[in-house]
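Step one of this worksheet: look at the structure below.
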Amino acid sequence: MRSEFAFGYRNTILWVIIILSAITLGLGLSQYYYTRQLNRIVLQQQNNYYFIHSLNDLGQNLSEAESGQRGYLITGERAYLQPYKSALPAINSDLKKLLSSQIGTQYKPQLTNINKLVNEKIQEMDSTISAYQSKGFESAAAIVNTDSGKDLMTSIRSGINSVSSQEIHEASTQIAMVKRHAQLIALMAPFAVAINLLMILQIILLASRAIRRQKIIEGYREQFVTVAAHQLRTPATAVKQYLHLLIDGFYGKLSKEQQNIVELVAASNERGIDVANSLLSVTRVDSGEISLKEEVTNLNELLLDVIEHYSDAIKEKKNQTVVLNMNKRPLLAKVDPFYMKMVFENLIDNASKYSSKGKKIYVSLKPKDNYIYFSVRDQGIGVKKKDIPLLFRKFVRLDSAFKLNTEGSGLGLYLVKQLVSLHGGKISVDSTQDKGSTFTVKLKQETA
Amino acid sequence: LKKVLIVEDDAMLRNVYEIIVAREGYVVEVARDGSEGLRKLGSFQPDLVLLDMLMPIKSGLQFLKEAKMKLHYPKTSVLILSNLSASDTVNEALRLGAKEHFIKSNLLPKDLVEAVKKYL
Chain A
168 MRSEFAFGYR NTILWVIIIL SAITLGLGLS QYYYTRQLNR IVLQQQNNYY
218 FIHSLNDLGQ NLSEAESGQR GYLITGERAY LQPYKSALPA INSDLKKLLS
268 SQIGTQYKPQ LTNINKLVNE KIQEMDSTIS AYQSKGFESA AAIVNTDSGK
318 DLMTSIRSGI NSVSSQEIHE ASTQIAMVKR HAQLIALMAP FAVAINLLMI
368 LQIILLASRA IRRQKIIEGY REQFVTVAAH QLRTPATAVK QYLHLLIDGF
418 YGKLSKEQQN IVELVAASNE RGIDVANSLL SVTRVDSGEI SLKEEVTNLN
468 ELLLDVIEHY SDAIKEKKNQ TVVLNMNKRP LLAKVDPFYM KMVFENLIDN
518 ASKYSSKGKK IYVSLKPKDN YIYFSVRDQG IGVKKKDIPL LFRKFVRLDS
568 AFKLNTEGSG LGLYLVKQLV SLHGGKISVD STQDKGSTFT VKLKQETA
Chain B
901 LKKVLIVEDD AMLRNVYEII VAREGYVVEV ARDGSEGLRK LGSFQPDLVL
951 LDMLMPIKSG LQFLKEAKMK LHYPKTSVLI LSNLSASDTV NEALRLGAKE
1001 HFIKSNLLPK DLVEAVKKYL
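So the protein sequences, as listed, match chains A and B. All residue numbers for the first sequence refer to our numbering, where the first residue is 168 and numbers rise by one. All residue numbers for the second sequence refer to our numbering, where the first residue is 901 and numbers rise by one.
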């Protein structure tokens, strides 16, 4: 069946969307993971850089101290002691930094060893300087000549070099990892974009299917209403003919009671026809089937036509008087006479329906600022302020309306509003409960 | 005696139109659809046709198209009885030679009598 096929297809699309969403989610999560990894490595690289930098500093500061010491020993100039003395705290701070750093914990034995050697070296330099100062050059030279200072320096340099080269190796493997992660992320991005595009496509497909389906259902519904209304109207039309044969005395004059009953039946039948007609008109309006045949029309004539047709019936049925306020000068508007007549009829009929017996109905047709205002004012039950927006909705019948009159299908005002809109006009309502309502239709005026 | 052909698919309506028109003293023949209507148009040679629009087998429009009223039956008037209001179908029917259009659900017996008398 057609509908099952449509549902099945929609389910497939739903599954595709779910799977694609899952893939996109996975891609997003792994991108997040790899980006975090990258972040971590970059931070590590920064530490790495500081660590290697401190190692270099340590070597340089030691060299500085040594050349200061040697200079002093050779020349005896105290000025050489200055770089020596300033290098010592720098060496200490370098050592502290190295030992306390995060990376330093990985090289604890080597660093401890370097620390020990550096301290020995400093001690050696210290002792040569104090020997020079107390016992003279020969005594200091004797210590230097043992080559213990030189050996210490060589061991320290090789220690520093070994830690430094290990750390540089470590850094280069990390950089290789960064490269791999970056490549992965770069690979995932276009993939994610493609899947997202695919998903958007599927969603558009799904939405368009849903809209098309909705239209088909709407079409079936309208078709159903049309057929139902038509099928109900045809027998009612036949009933109407037969009843009027009796009412018009085709079969002899009826007694007063007979006449009454037959007229009641006819009135009831007429309501059925009215509802069917409204339903058919509303369905035509809703489905966009109505194409207006607009022509420049004399609204005065059109309105007079309607009032001639209705005022007697209204007088007879509810003893209501229609009061018309209209100038002789013809007011022209571009309308479809058939449908504009329907608007006039519906509004006047409504005014009568929702007013009690003997009331007046004021109808006016006036021009103002290139617009024509057609208005119908009644002295009827009126509408509560809060209910006014509901008035023009389909099938809405307000409680207050039911109290006075149970006739009406709740279609009339909806139809009027749609027809007025189709004509490019506007309808407004002003109402006070228990005082009455005024409906005003505003149409563009045509100049002759 | 003037002759009236009623072409209408709904039995109840067909029957009541027949009663109304026959009471005025016309000779009446009925047809259930456009196809039967075309046959009786030839055999019965009516002066007036009351024609429904929406009918099975052949619609009112098809009846008018095939009958070529203006050419073959210039003296026969056709009145459209339909619930279609001011539609393209009705306009097409008027173009094909129908004289006037009446909305069935608005029509009272006396209106029908008046309309028939107007064209006979």
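Just so it is clear, CB atoms sit at the ideal spot from N, CA and C, and this is done for glycine as well.
- Scanning A:Ala298, A:Ser332, A:Glu305 and A:Ile289 for the CA closest to the CA of lysine 317 of chain A turns up A:Ile289.
- Contact note: phenylalanine 511 of chain A does not reach chain B at a C-beta cutoff of 7 angstroms; the least C-beta distance is about 15 angstroms.
- Pairing glycine 525 of chain A with valine 949 of chain B, the inter-Cα distance amounts to about 45 angstroms.
- At least one C-beta of chain A is nearer than 8 angstroms to the C-beta of methionine 912 of chain B.
- A residue is called buried once 16 or more other Cβ atoms fall within 10 Å of its Cβ, and arginine 496 of chain A, having fewer, is exposed.
- When the five nearest sequence neighbours on each side are left out, the beta carbons in the same chain lying within less than 7 angstroms of the beta carbon of glutamate 992 of chain B are those of Leu961, in order along the chain.
- Counting only Cβ-Cβ distances below 8 angstroms, valine 930 of chain B has no contacts in chain A at all, with the closest Cβ about 14 angstroms away.
- Under the three-state reduction of DSSP, serine 959 of chain B is assigned to coil, being neither helix nor strand.
- For aspartate 453 of chain A, not one C-beta of chain B is nearer than 8 angstroms to its own C-beta.
- Non-local C-beta neighbours of valine 473 of chain A in its own chain, meaning closer than 8 angstroms and more than five positions away in sequence, comprise Lys508, Phe511, Glu512 and Ile515, ordered along the chain.
- Identification of chain B residues near arginine 400 of chain A by a Cβ-Cβ cut-off of 8 angstroms yields Asn983 and Ser1005, ordered along the chain.
- Within 8 angstroms of the CB of lysine 1010 of chain B, the CB atoms of chain A belong to His411 and Asp415, in sequence order along the chain.
- Below the 9 angstroms Cβ cutoff, chain A contributes no neighbours of valine 921 of chain B, its closest Cβ being approximately 11 angstroms away.
- Flagged as an interface residue toward chain B: isoleucine 440 of chain A, by a C-beta distance shorter than 8 angstroms.
- DSSP places asparagine 537 of chain A outside both helix and strand once states are collapsed to three, so it counts as coil.
- In the structure shown, aspartate 479 of chain A falls within a helical segment according to DSSP collapsed to helix, strand and coil.
- When the five nearest sequence neighbours on each side are left out, the beta carbons in the same chain lying within less than 7 angstroms of the beta carbon of alanine 298 of chain A are those of Ser306, Ala307 and Ile310, in order along the chain.
- Residues of the stretch 469 to 488 of chain A with a C-beta atom less than 8 angstroms from some C-beta of chain B do not occur.
- With a minimum length of 4 residues, there is no unbroken run of alpha helix (DSSP H) contained wholly in the stretch 329 to 374 of chain A.
- Under a criterion of Cβ atoms nearer than 8 angstroms, no residue of chain A is adjacent to valine 949 of chain B; the nearest Cβ is some 18 angstroms distant.
- The stretch 919 to 927 of chain B makes no contact with the stretch 975 to 982 of chain B, as fewer than three CB pairs between them are under 8 angstroms.
- Secondary structure note for histidine 972 of chain B: its alpha helix (DSSP H) is the uninterrupted segment 969 to 972.
- Residue pairing for threonine 599 of chain A: DSSP places it in a beta bridge opposite A:Gly603.
- Residue burial is scored here from C-beta neighbours: glycine 934 of chain B has at least 16 other C-beta atoms within 10 angstroms and is therefore classed as buried.
- Residue ranges of uninterrupted alpha helix (DSSP H) with 4 or more members, entirely inside the stretch 416 to 492 of chain A and ordered along the chain, are 423 to 453 and 466 to 485.
- Against chain A, the beta carbon of valine 916 of chain B has neighbours under 8 angstroms at Ala405, Gln408, Tyr409 and Leu412, listed in chain order.
- Where isoleucine 281 of chain A is concerned, the enclosing alpha helix (DSSP H) starts and stops at 275 to 302.
- Taking glutamine 398 of chain A as reference, the option from A:Asn444, A:Ala359, A:Thr272 and A:Arg379 with the minimal CA-CA separation is A:Asn444.
- Along the stretch 509 to 533 of chain A, none of the residues has a CB nearer than 7 angstroms to a CB of chain B.
- About 6 angstroms separates the beta carbons of isoleucine 327 of chain A and leucine 225 of chain A, which is inside the 8 angstroms limit, making them a contact pair.
- Against asparagine 444 of chain A, the close residues of chain B are Ser1005, in the order they occur along the chain (beta-carbon pairs closer than 8 angstroms).
- For leucine 950 of chain B, the enclosing beta strand (DSSP E) has its first and last residue at 948 to 951.
- Per DSSP, valine 930 of chain B is not a residue of any alpha helix (DSSP H); the beta strand (DSSP E) it occupies stretches across 927 to 931.
- Under DSSP, glutamate 1000 of chain B forms a beta bridge with B:Leu979.
- If you look at leucine 558 of chain A, you'll find it isn't in any alpha helix (DSSP H); DSSP assigns it neither H nor E.
- The straight-line gap separating the alpha-carbon atoms of lysine 602 of chain A and glutamate 929 of chain B is approximately 57 angstroms.
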